[in-house]
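Chain order of the listed sequences is A and B.
The working numbering applies: residue 1 is where the first sequence begins, and numbers increase by one.
The working numbering applies: residue 1001 is where the second sequence begins, and numbers increase by one.
Worksheet: one structure, shown below.
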Amino acid sequence: MQIKILGSGCANCKRLEQITRKVVDALGIEAEFEKVTDYQKIVEYEILSTPGLVINEKVAASGRIPSETEIQAWVEEAYKAN
Amino acid sequence: MGNFLNSAANLFYGGLGNLAAYLAAHVLLCLLPAFYIAGAMTALIPKETITRYLGRNTPKFISYPAAAAAGFLLAVCSCTVIPLFAGIYKKGAGLGPAITFLFVAPAVNILALTYTGTVIGMDLALARLILSLAFGIGIGIIMAIIFNKEDAEHDRATDAMFAQQRSMRRPALVFLLILVALLIVGTFQIDLLKNVYLEFNLPIRGTEQFQNFLHALVPFDAARGEEGVSVQGAVLIGLLVLIGFSSWKGLEKIHEGFNAWTWISTSLVGITLAFASLNLQPAAEFLGVQLIGKFFGVLLSLIVLGWMLKKALTEDEMRDFLWETWRFIKQIFPLLIVGVFLVGIIRGLIQPEWIETLAGQNTLFGNFVGVIFGVFMYFPTLVEVPIAQMFLSLGMHRGPLLAYLISDPELSLQSILITATIIGKLKAWVYVGWVALFSTAAGLLYGAWVDGTALLTIMLYLASMLVVIVLVFFIVNRFKPRNQKISEKARP
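So, in structure tokens, the structure goes:
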């Protein structure tokens, strides 16, 4: 599973990464994390504001930090889809 | 040595006194709701409600004001401004509206506006708002003309980002409006709100002695307009500490779920605001309590808001709202406290003569000094307000003061560098130049109004200035041969 966190160093981006890692670890799923901080690349994902959560190249959420429950559901769904 | 210690102690108390004044009831009553409003704006207003007006095909007379509105409503911190700016610019809306947004967002930050209004004066806050909007649009248009792009990027770009439709949920909108109402009721100085409607005495003894003790602990200079710490102020400071503690426990991990501390923190905020809005009269044998109009207004708003928070907002909305508010408080408030304390100390070190010579009059030089100081000195968000107030009390004219207040949040080395990565070094520094120019002009205009020039004359100056600039550029651009027009080739 490939997880990208879009955003450059703001508090929300860091918190999103922290929570997502926690969810992924708790589920025992193997995931590769990538932090995208270059605005040229961030804009390609068509999100309006950071932070952005991208799972397997699909934008799951943007502009807010979703709850752990939400993130868990997305990660599980992406895992099953493979 | 003794003299040095004396001066040091004086400075220290100056810092403390400044801090106490800034945590006084009326500041809390404005700043606390302002943080919640900022959180609500960030969490509850979908960006798409406004960005859909920024597409390539939207007529300019809609997209520029929409960009300005976006700056006011959508972005409170630079972490939102920069990505939105990048998106607007890259996705085809063009440089113009993007620059307008970039300029307006820090200038009319809701937190800074309310804080400026409370601490320095509503007239300055209003001037900051109006002039920033006008100049924001002006600067956007100018940049668009200077860097008239004919490149392929525009054609390649999709409108997908700007075609999204989304409106704000009605309950969320109402919630936000009531938050604004709370702020207004808490800060407006009109008779209806200041009249005492109910008065009673609480049998608490010793409050007057406590008041005297506080005044001895934190001395203040009434001649300079300082207030010192009152009994009410001390209780409020205590409540603030409790709010900080309970918010840390209840909001920091809110994405894992709500807990009891979440409700405690929110209730404490409500109690604090209600308490801050009544009048206390300390006496030897009892404590006089006056319920003024403001108190009833605040109480009513709080009750409605509390009810809506539980019943009308979705759980996601509530979580996002509380989290964003907490994020702003965490980010801004501690630095604000330190900043205010240091400003109080520095104030003792600066001689009024220096300020009066440099910026005591509404001159071009004075305004320029204000801008230079704002551009090169970087202060955490909101700290520019107590600094401005310090300069004001040291003799700076309100014109240069506005010039400083507009330019300070606009530009820091860091924000310039980041902007440069998005639009290129040339455009970024041209932008800096225009910001400096417009901030100076804003200061001059406002200063002229303060000095008594008629409003109509000011508006005429403003309008003619903008028209002249736009005309000059149209003409210059038109008379250059096509391949020599200042164009996108200037990108690095």
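Ideal Cβ placement from N, Cα and C applies to all residues, glycine included.
As the structure is a computational prediction, the values presented were derived from the model and not from experiment.
Rounded C-alpha distance that separates residue i from residue j
i              : j              : result
residue 1051/B : residue 1143/B : 20 Å
residue 1324/B : residue 1166/B : 21 Å
residue 1151/B : residue 1120/B : Caution applies to residue 1151/B, whose pLDDT of 39 falls short of 50 and renders its modelled position unreliable; the value that the coordinates give is listed next. Spanning the two alpha carbons is a distance of roughly 46 Å.
residue 1467/B : residue 1460/B : 10 Å
residue 1240/B : residue 1115/B : 17 Å
residue 1280/B : residue 1290/B : 6 Å
residue 13/A   : residue 1029/B : 31 Å
residue 1492/B : residue 1435/B : Only weak support is given to the placement of residue 1492/B: the predicted model assigns it a pLDDT of 46, under 50, and the question is left unresolved by the model.
residue 1094/B : residue 1292/B : 51 Å
residue 1283/B : residue 16/A   : 52 Å
residue 1147/B : residue 1113/B : 32 Å
residue 1126/B : residue 1318/B : 31 Å
residue 1425/B : residue 58/A   : 33 Å
residue 1021/B : residue 1073/B : 30 Å
residue 1474/B : residue 1180/B : 41 Å
residue 1301/B : residue 1170/B : 18 Å
residue 1230/B : residue 1378/B : 33 Å
residue 1211/B : residue 1217/B : 10 Å
residue 1133/B : residue 1123/B : 15 Å
residue 1470/B : residue 1139/B : 10 Å
residue 1141/B : residue 1312/B : 41 Å
residue 1417/B : residue 1187/B : 38 Å
residue 1465/B : residue 1392/B : 28 Å
residue 50/A   : residue 41/A   : 12 Å
residue 1003/B : residue 1017/B : 21 Å
residue 1256/B : residue 1309/B : 19 Å
residue 1205/B : residue 1288/B : 11 Å
residue 1295/B : residue 1245/B : 25 Å
residue 1390/B : residue 1117/B : 15 Å
Rounded Cβ spacing between residue i and residue j (contact assumed at less than 8 Å)
i              : j              : result
residue 1137/B : residue 1100/B : 5 Å
residue 1383/B : residue 1339/B : 3 Å
residue 1040/B : residue 1129/B : Not quite, the Cβ-Cβ distance comes to about 19 Å (not below 8 Å), so this is no contact.
residue 1403/B : residue 1443/B : 3 Å
residue 1060/B : residue 1084/B : So it is not a contact: roughly 19 Å between Cβ atoms.
residue 43/A   : residue 5/A    : The pair is not a contact, with the Cβ atoms about 15 Å apart (cut-off 8 Å).
residue 1298/B : residue 1277/B : 4 Å
residue 39/A   : residue 1422/B : 5 Å
residue 32/A   : residue 55/A   : Between residue 55/A and residue 32/A the Cβ distance is about 11 Å, and since that is not below 8 Å, they are no contact.
residue 1397/B : residue 1433/B : With 8 Å as the limit, residue 1397/B and residue 1433/B do not qualify as a contact, their Cβ atoms being about 24 Å apart.
Cβ-based neighbour list, residue i, same chain, cut-off 6 Å, excluding 5 preceding and 5 following
i              : result
residue 1420/B : 1428
residue 1395/B : 1352, 1355, 1356, 1360
residue 61/A   : 53
residue 1263/B : none
residue 1371/B : 1403, 1407, 1436, 1439, 1440
residue 1387/B : 1343
residue 1035/B : 1325, 1328, 1329
residue 1131/B : 1442
residue 1374/B : 1404, 1407, 1408
Residues of its chain near residue i, where Cβ-Cβ distance is below 7 Å and the 5 sequence neighbours each way are ignored
i              : result
residue 1014/B : 1344, 1345, 1347, 1348
residue 1155/B : Per-residue confidence for residue 1155/B stands at a pLDDT of 44, beneath the threshold of 50, marking its modelled position as unreliable; the derived number appears in the next sentence. Around residue 1155/B: no qualifying Cβ.
residue 1192/B : 1293
residue 1269/B : 1032, 1243
residue 1198/B : 1291
residue 1109/B : 1076, 1409
residue 1183/B : 1030, 1033, 1034, 1037, 1114
7 Å Cβ cut-off: residues of chain D touching residue i
i              : result
residue 1084/B : Annotation note: the requested chain D is absent from the structure, which comprises protein chains A and B.
Cβ-based neighbour list, residue i, same chain, cut-off 8 Å, excluding 5 preceding and 5 following
i              : result
residue 1209/B : 1284
residue 1380/B : 1332, 1335, 1336, 1339
residue 1275/B : 1232, 1235, 1236, 1239
residue 1064/B : 1096, 1097, 1100, 1137, 1140, 1141
message = Under 8 Å, with one C-beta from each stretch per pair, do the segment 1079-1088 of chain B and the segment 4-12 of chain A reach the 3-pair mark?
response = yes
message = When you compare the segment 1104-1114 of chain B with the segment 1349-1365 of chain B, are there three or more beta-carbon pairs, one atom per stretch, that lie closer than 8 Å?
response = no
query = Which residues, in chain order, does the segment 1113-1147 of chain B contribute to contact with chain A at a C-beta distance below 9 Å?
reply = none
task = Select from the segment 1443-1471 of chain B all residues with a C-beta closer than 9 Å to any C-beta belonging to chain A, and list them in chain order.
result = none
task = Please determine if the segment 1247-1255 of chain B and the segment 1308-1327 of chain B are in contact, where contact requires at least 3 C-beta pairs separated by less than 8 Å.
result = yes
request  = Flag this pair as touching only if the segment 1440-1450 of chain B and the segment 1410-1419 of chain B have three or more C-beta atom pairs under 8 Å; answer yes or no.
outcome  = no
task = Determine, using beta-carbon pairs with one atom in the segment 66-77 of chain A and one in the segment 14-32 of chain A, whether at least three such pairs fall under 8 Å.
result = yes
key: Near-chain A residues of the segment 1320-1345 of chain B (beta-carbon distance less than 9 Å), N- to C-terminal order   = 1320, 1323, 1324, 1327, 1330, 1331
query = Going along the segment 26-59 of chain A in order, which residues come within less than 7 Å of chain B, judged by CB to CB distance?
reply = 39, 42, 43, 46, 48, 49, 50
task = May I ask you to list, following chain order, the residues of the segment 1404-1427 of chain B that have a beta carbon less than 9 Å from some beta carbon of chain A?
result = 1418, 1421, 1422
ask   = Using Cβ-Cβ distances below 8 Å, what residues of the segment 1027-1054 of chain B are close to chain A?
value = 1043, 1047, 1048, 1051
ask   = At a Cβ cut of 7 Å, what residues of the segment 63-82 of chain A count as close to chain B, listed as they run along the chain?
value = 63, 64, 65, 67, 68
The segment 13-25 of chain A: positions lying closer than 7 Å to chain B by Cβ = 19
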